[in-house]
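Structure, as structure tokens:
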Amino acid sequence: MIQLNPVTYQVKGSEIDAVVDIFNKKCSCKVFDINRLPCAHAIAAALHTRVGVYSLVSPYYTKEYYMLAYQQTIYPVGMQSQWDVPDEVMSRVVLPREFKDRNRGRPKNSRYPSAGEFRKHKNRCGKCGQLGHYKKKCRSEASSTEGNPPTNVTTLGSLVLQFVI
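Using the working numbering, count along the sequence shown one by one with no gaps and you end on 207.
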């Protein structure tokens, strides 16, 4: 944190660096300006200058302003048959938005693996030893068992060993 003048500070954040004006309750990240609640930069500057963080919050968030907002009586809406709707509003035609068909069938439940996770291994065929399919779906001509002795396929890393039983 760098003090630019008695009420203005430059705060280095993880995302962005921001300039905070404690006196005017402003921050260059605009979160403090829009919400009228102190952002992380303003809180850091307030703690550094020993200014109360609650003094930076807008009075609109206090109990007094809340009570003022609901001081007047709020009347319930009457029955729809008693509403006085102008003719120009009644003559308007409002169409529903276009509906897009969702994908049919069971939703996909798989997720993308994060860094350090391993994906599932591919199937290795028990007949021909190739990756990408399994014994029942094997289309290899040489894998037909007619006249060929049964084999046992073993893998050592990327090396495929085939033993005749």
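All residues carry an ideal CB built from backbone N, CA and C; glycine is no exception.
* **Residue from ARG139, HIS83 and PRO138 whose Cα sits closest to the Cα of MET59** => Reading the sequence shown from its first residue, position 17 is the one you call residue 59. The question names Met, but residue 59 in the sequence shown is Asp. Measuring from the Cα of ASP59, the nearest candidate turns out to be HIS83.
* Would a C-beta distance cut-off of 8 Å place LYS54 and LEU98 closer than the cut-off? -> On the sequence shown, residue 54 is found 12 positions in, with the first residue counted as 1. On the sequence shown, residue 98 is found 56 positions in, with the first residue counted as 1. Their beta carbons are not under 8 Å apart, which means LYS54 does not touch LEU98 by this criterion.
* Enumerate in chain order the residues of its own chain whose CB-to-CB distance from CYS167 is below 7 Å, with the five nearest sequence positions on each side excluded. => To locate residue 167, count along the sequence shown from 1; it is residue 125. HIS175, TYR176, LYS177 and CYS180.
* Answer yes or no: do ALA88 and PRO80 have a C-beta to C-beta separation smaller than 8 Å? => Mapped onto the sequence shown, residue 88 falls at position 46. Mapped onto the sequence shown, residue 80 falls at position 38. Contact: yes.
* Asked: Which value, in whole angstroms, describes the spacing of the CA atoms of VAL73 and SER56?
  -> Residue 73 sits at position 31 when you count from the first residue of the sequence shown. Residue 56 sits at position 14 when you count from the first residue of the sequence shown. Going from the Cα of VAL73 to the Cα of SER56 covers about 15 Å.
* Rounded separation between ASN47 and CYS69 - CA only -> One-based indexing of the sequence shown puts residue 47 at position 5. One-based indexing of the sequence shown puts residue 69 at position 27. Approximately 15 Å, taken between the alpha carbons.
* Asked: Skipping 5 residues on each side, what residues in its chain have a beta carbon closer than 6 Å to that of LEU173?
  -> Along the sequence shown, read from residue 1 onward, the residue named residue 173 stands at position 131. LYS164 and ARG166, listed in sequence order.
* Asked: Can you tell me whether TYR51 is buried or exposed, with buried defined as 16 or more other CB within 10 angstroms of its CB?
  -> Position 9 of the sequence shown, counted from the start, is the residue given in the question as residue 51. Flag for TYR51 reads buried.
* Opposite ASP59 in the DSSP bridges: which residues? -> As a first step, residue 59 is located in the sequence shown; it is residue number 17 there, counting from the start. Answer is LYS54, bridged to ASP59.
* Sheet register partners of ILE116 (DSSP bridge) -> Locating residue 116 in the sequence shown gives position 74, where the first residue counts as 1. Note: ILE116 sits in no beta bridge, so no partner.
* Asked: In angstroms, rounded to a whole number, what distance separates the CA positions of MET109 and TYR154?
  -> Residue mapping note: residue 109 aligns to position 67 of the sequence shown, counting from 1. Residue mapping note: residue 154 aligns to position 112 of the sequence shown, counting from 1. Using only the alpha carbons, I get a separation of about 49 Å.
* Spatial neighbours of VAL49 within its chain, please: CB distance less than 7 Å, with the 5 preceding and 5 following residues excluded, ordered by chain position. => The sequence position of residue 49 within the sequence shown is 7, counting from 1. Here the set comprises ASP63, ILE64 and PHE65.
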